[in-house]
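Just below is one structure, and these are the notes that go with it.
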Amino acid sequence: MPPLPGHHRHRCHRPVMAAVFALCTGIGTAQAQTQTQTQNAADAPPAFTLDSNLALTSQYVFRGINYSQEKPAIQGGFDLAHTSGAYLGVWASSLSSDAIAGATVELDVYGGYARNVGDVAYDLGLLRFGYPGARLAGESYNTVEAYASVGWKWLTFKYSHTLTDYFAMNAASMGHGDDSKGSGYIEANLAIALAQGWAIDLHAGHQRVQDYGAYDFSDYKAQVSKGFDGGWTVALAVTGTNADRALYRIGHVDTSASRWLVTLSRRF
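Here it is in structure tokens:
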């Protein structure tokens, strides 16, 4: 606020001058506060963020099991996150109708809550695996899992627990046993960031299938990747399992065998 003109200022009595000064100071302070609030609002992160990803991979492998019958797959998804830690996402992948009878696409929907407290991170959520049109002896492949993970810096442990049958496995589809609700997957993941965009990721997991123990298996994955400007990443990985080969063979493909994967992906 500029000063009052001189011929007004020196003719004012002190009480009037005090009132004018208080008024001018108040207006100036209010303007400064408004400017500060506006600047803080501009600097604050948005309440919601939307990320997307797209990938082309030489084979679609999930927990060590091949879902594309050794053929390439295209994958992608969207993630909506709130500053509170809540998030929702959708992800899809092409796959082989031989691996998942009657399905050519997997469509997953998930949501949860994730936060970081210093170097510790935790994540709680639900994930629905969807396979439109897929049936195993009339039973739906669709599966819902609850998951929880905790991590420290570069190391993360996660447990996933099925709230439905495990990928259509029950007495009706298998011809024996009971339902497979309550199956669980436990995993450990090590992510090491290196210089110039290089990274190493190591994974080990174990799948337990409720009431169908012959289908239990452990799996591993080791990956090296290189990030580039524009959100691009190229990755080379080797993956495998100790699953019973006879149970996981589909046609001429041993879906549980060790294999190399090459993936090109981009985040937007």
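Read in order, the letters of the sequence shown correspond to residues -32 to -1, 1 to 236 in mature numbering (1 follows the signal peptide of the UniProt record, and there is no 0). We treat Cβ as the ideally placed atom computed from N, Cα and C, and that holds for glycine.
- A check of alpha carbon separations from Phe30 across Ser233, Phe236, Ser224 identifies Ser224 as the nearest.
- Ranking Lys189, Glu107, Thr111, Trp200 by CA distance to the CA of Trp166 puts Trp200 first.
- Taking a cut-off of 8 Å on C-beta distances, the region 157 to 164 does not touch the region 131 to 142, as fewer than three cross pairs fall below it.
- For Ser141, the enclosing alpha helix (DSSP H) covers residues 139 to 142.
- Between Lys126 and Asp87 the beta-carbon gap is near 17 Å, outside 8 Å, which marks them as no contact.
- Straight through space, the alpha carbons of Trp59 and Gly70 are spaced by roughly 19 Å.
- Here Asp47 carries a strand assignment [DSSP, helix/strand/coil].
- Burial is judged here by how many other beta carbons sit within 10 angstroms of a residue's own beta carbon; Asn34 has at least 16 and is buried.
- Asp197 sits in a helix when the DSSP states are folded into three classes.
- If you draw a straight line from the Cα of Phe236 to the Cα of Ser52, it comes to about 22 Å.
- Counting only runs of 4+ residues, no alpha helix (DSSP H) is found wholly inside the region 61 to 140.
- The residue among Val177, Ile68, Ser117, Tyr183 with its C-alpha nearest the C-alpha of Gly80 is Ser117.
- Straight-line measurement puts the Cα of Leu63 at about 22 Å from the Cα of Ser128.
- Contact annotation, Ala140 with Glu107: C-beta distance approximately 6 Å; criterion of less than 8 Å satisfied.
- For Thr72, the number of other beta carbons within 10 angstroms of its own is below 16, and it is reported as exposed.
- DSSP places Tyr180 outside both helix and strand once states are collapsed to three, so it counts as coil.
- If you ignore the 5 residues before and after Tyr216, its C-beta comes within less than 7 Å of the C-beta of Ile33, Asp222, Thr223, Ser224, all in its own chain and listed in chain order.
- Contact check for Glu74 against Gly45 fails: the beta carbons are separated by 8 Å or more.
- Inclusion of Thr231 and Ala23 in the CB contact set at 8 Å is warranted, their separation being smaller than that value.
- Under DSSP, Asn34 shares a beta bridge with Val29.
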